[in-house]
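Below you'll find the structure, written out as structure tokens, and then a few comments.
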Amino acid sequence: MKKVSKTFISGGGSKEQTQEFDSLFFSELANNSKILYIPVALDRDYKGFESCFDWFASLINFHQGSKDIDFEMILKDADVPSLKNFDAVYIGGGNTYKLLNYIYTKELKIKLKEFLESGGLIYGGSAGAIILGKDIRTVEEENNENYLSYEGLNFLGGYSIKCHFRDSDSVALIQKANKYGLKILALPEKSGVIFSNKNISFVGEHTEL
Amino acid sequence: MEKFSFNEYRFAENDVANRLGLVEGVDALYTLENINNVESKERVSLTREVIENSLFESFSDYKVLKSESVVRPLGESTLFTTSGVQRIETLAKNDVPLVSQEKFVTSQPVIRSQFMDKIRQGTSTSFVNYSVESFNTSNETMIEVFKKYIQCIEKLKIDTSKITVEFSNGSEKWGQNRFDNFVTKIFYENIEFADIALIYNYPFSKNKIPIVDLGFGMERLIWMLDRESPFFPEYADYYVNSNKDLVTGVLDPIRSMVLIALDGTGPSNANHGYRLRQFSKRFVDRNLVTKFDENDLINKAYLFWTQFNHDAKNIDLILNTIKLENSRNFNALLLKKLRDDHEIDLNIDINRSSEDFITNLGFSVKKEIIDSLKNYFL
């Protein structure tokens, strides 16, 4: 039976805040699934990344139930393993521009596209969500290293994404939408959206700009 | 809340280099050209005893402490001890007041799970981290520690002309604790083998304290001087006439499993036990190729790690725990092969010996398929 690909876009928040949305992601995973976890948007030393490893393990432990789910965490200087070995890719948060730079440097765009087309699942949280959209200038204030690229992977039907959205962000976000000609999905914490084929389903609140 | 400005205290790279007598080379690396070189012909065979004698002599004014458990309580910044500096978390949790200049050295077994899928010669998830720590100290201690460490290197007859040094200022986050630091990385022929971190402002109790943390791995220090040598010398026989990266990849997870199990951790789908399970899966998968004797691997790891853990569980318990978990994950691989190659999807309990499991499989699966599985796996 052909697997149906899905892309989970989380508005961000703590493990408790994203619990409902995360449970939908984990419910899609079969027993003995394996996830590739990409935390490279974060700036951490070895001990910091060890905490990331433990955090992701705890996320799996919370949601896996009786299923056996494993994962592999990738660090920024390592070769990216073949995505054929994984059932899902989880892209974590941090600096969106740094993350996008990593994706392009490692030539991951085409690999992720093929992964989706073969029925894989992708979860993007915060920065991980934003890079999957069309344009990452929804968070242009994060560009503290003068990165030149702002074109996201555009896996979301032309939407650009803003996470951790609050009402006070509206004015600035509308200005960006007008300035750059963007169709923006603004997601507060505790919310998310699932893209599957041409279907979009929302969890929690969202705002379209 | 106190507003801490570390800029006034921050070391400048060139100042530190000058004070340490380093010479600027290429690519922002410094060399020890001004420091007495050691002829490589005088090289000494490094062992744990030789390294520790040199280290403890060089830091003779530091207390020598026993290592902490590698398994940390839940709620700390990591599940497992990743370096000797984590003792600061134990002190904070127990509300131990720090004297000025709390200085110690320790031989600390550690686990760094982030490398579990990148194992090769020179990189492992478990190793002995020699840690020289100075808590609640002054920034100047970093200079003193560097100089003493070079003395230690010289006592070990390591050729200092092959050493380069790199500096960086930055910020880090360990758990909920954020701080600023100055890091000195030390390389031997481009292999990073040690680092000295000056943490300017580690949050401790209601204060922010400076910490100087020197760490280096025993296995890597020994291996970097002869990169054809086995990364895990206690398993030397397994490396003969073999791909050394492959062998290290098989040995590492079982070695880490034993280290974790020594404190009584058993496999599970949560916390420390889940990590044990992850290591087991990797061992089982990689050992399909090498088919090393599991009993011998576990015994050797036990002998190695109990040098550092004097409260270790009995070997029979460790053997039983690890072998049963490995059987479980081996059985899971058998079921996966049945699904992938024969489209047979069975729901059978995998938590048993593989011998029992295969017998049980025989009630649902044709003999020729069982035989083909045995040929593939055994």
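Those sequence lines, one after another, are chains A and F. Residue numbers for the first sequence follow my numbering, so the first one is 1 and each next one is one higher. Residue numbers for the second sequence follow my numbering, so the first one is 210 and each next one is one higher. Where is the CB? At the ideal position from N, CA and C, for every residue including glycine.
In the DSSP annotation of this structure, V203 of chain A is not part of any alpha helix (DSSP H); the continuous beta strand (DSSP E) holding it starts and ends at N199 to V203.
Between T291 of chain F and E72 of chain A, the CB-CB gap reaches or exceeds 7 Å. DSSP, read as helix, strand or coil, puts K6 of chain A in strand. For E375 of chain F, no alpha helix (DSSP H) run applies; the uninterrupted beta strand (DSSP E) run containing it begins and ends at I372 to W383, by DSSP. Burial is judged here by how many other beta carbons sit within 10 angstroms of a residue's own beta carbon; P419 of chain F has at least 16 and is buried.
Across the set A:L116, A:L153, A:L209 and A:S14, the C-alpha of A:L153 shows the shortest separation from the C-alpha of E107 of chain A. Using a Cβ distance threshold of 7 Å, I320 of chain F and T299 of chain F do not count as a contacting pair. With respect to the C-alpha of W383 of chain F, the residue from F:E285, F:D549, F:S254 and F:N538 having the closest C-alpha is F:E285. Contact of T256 of chain F with chain A is not assigned, every C-beta pair being separated by 7 Å or more. With contacts defined by Cβ atoms closer than 7 Å, G192 of chain A and S10 of chain A form a contacting pair. For A177 of chain A, DSSP records no beta bridge to any residue. Annotation: I362 of chain F to I131 of chain A spans about 46 Å, alpha carbon to alpha carbon. Within a 10 Å sphere around the beta-carbon of D404 of chain F sit 16 or more other beta-carbons, which makes this residue buried. When C-beta distances to chain F are compared with 7 Å, every residue of the stretch 127-161 of chain A stays at or above that value. Taking C-beta atoms as the reference points, N101 of chain A and A41 of chain A fail to come closer than 7 Å.
By the criterion of a C-beta distance shorter than 6 Å, F202 of chain A is surrounded in its chain by V193, once the five residues flanking it on both sides are discounted.
Distances from the alpha-carbon of S66 of chain A to those of F:K522, F:N504 and F:Y483 put F:Y483 closest.
Under DSSP, K272 of chain F forms a beta bridge with F:F313.
Between S286 of chain F and chain A, the shortest Cβ-Cβ separation is below 7 Å.
The beta-carbon of S322 of chain F is placed less than 7 Å from the nearest beta-carbon of chain A. In the three-state scheme derived from DSSP, where H, G and I count as helix and E and B as strand, V498 of chain F is classed as helix. Excluding five sequence positions before and after S160 of chain A, the CB atoms of its chain that fall closer than 6 Å to its own CB belong to G133, K134, D135, T138, L182 and I184, given in chain order.
The shortest CA-to-CA distance from F53 of chain A to any of F:H481, F:N540 and F:T568 is the one to F:H481. Where L407 of chain F is concerned, the enclosing beta strand (DSSP E) starts and stops at I400 to F413.
Closest by C-alpha distance to Y239 of chain F, out of F:E375, F:F566, F:D502 and F:I359, is F:E375.
Closest in C-alpha terms to Y411 of chain F, from the list F:R429, F:E428 and F:E381, comes F:E381. Annotated three-state conformation of E437 of chain F is coil, per DSSP. Distance check between L229 of chain F and each of F:K453, F:R219, F:A237 and F:L241 places F:L241 closest, using alpha-carbon atoms only. Per DSSP, E114 of chain A is one residue of the alpha helix (DSSP H) stretching across L108 to E117. Assigned with DSSP and collapsed to three states, D68 of chain A falls in coil, not helix or strand. Within the stretch 133-178 of chain A, the complete beta strand (DSSP E) segments of 3 residues or longer fall at 159-162, listed in chain order. Listed along chain A are Y46 and K47, each with a C-beta nearer than 9 Å to that of S292 of chain F. In the three-state scheme derived from DSSP, where H, G and I count as helix and E and B as strand, P462 of chain F is classed as helix. If you draw a straight line from the Cα of D565 of chain F to the Cα of S489 of chain F, it comes to about 19 Å. K84 of chain A is classed as exposed because its beta carbon has fewer than 16 other beta carbons within 10 Å across all chains shown.
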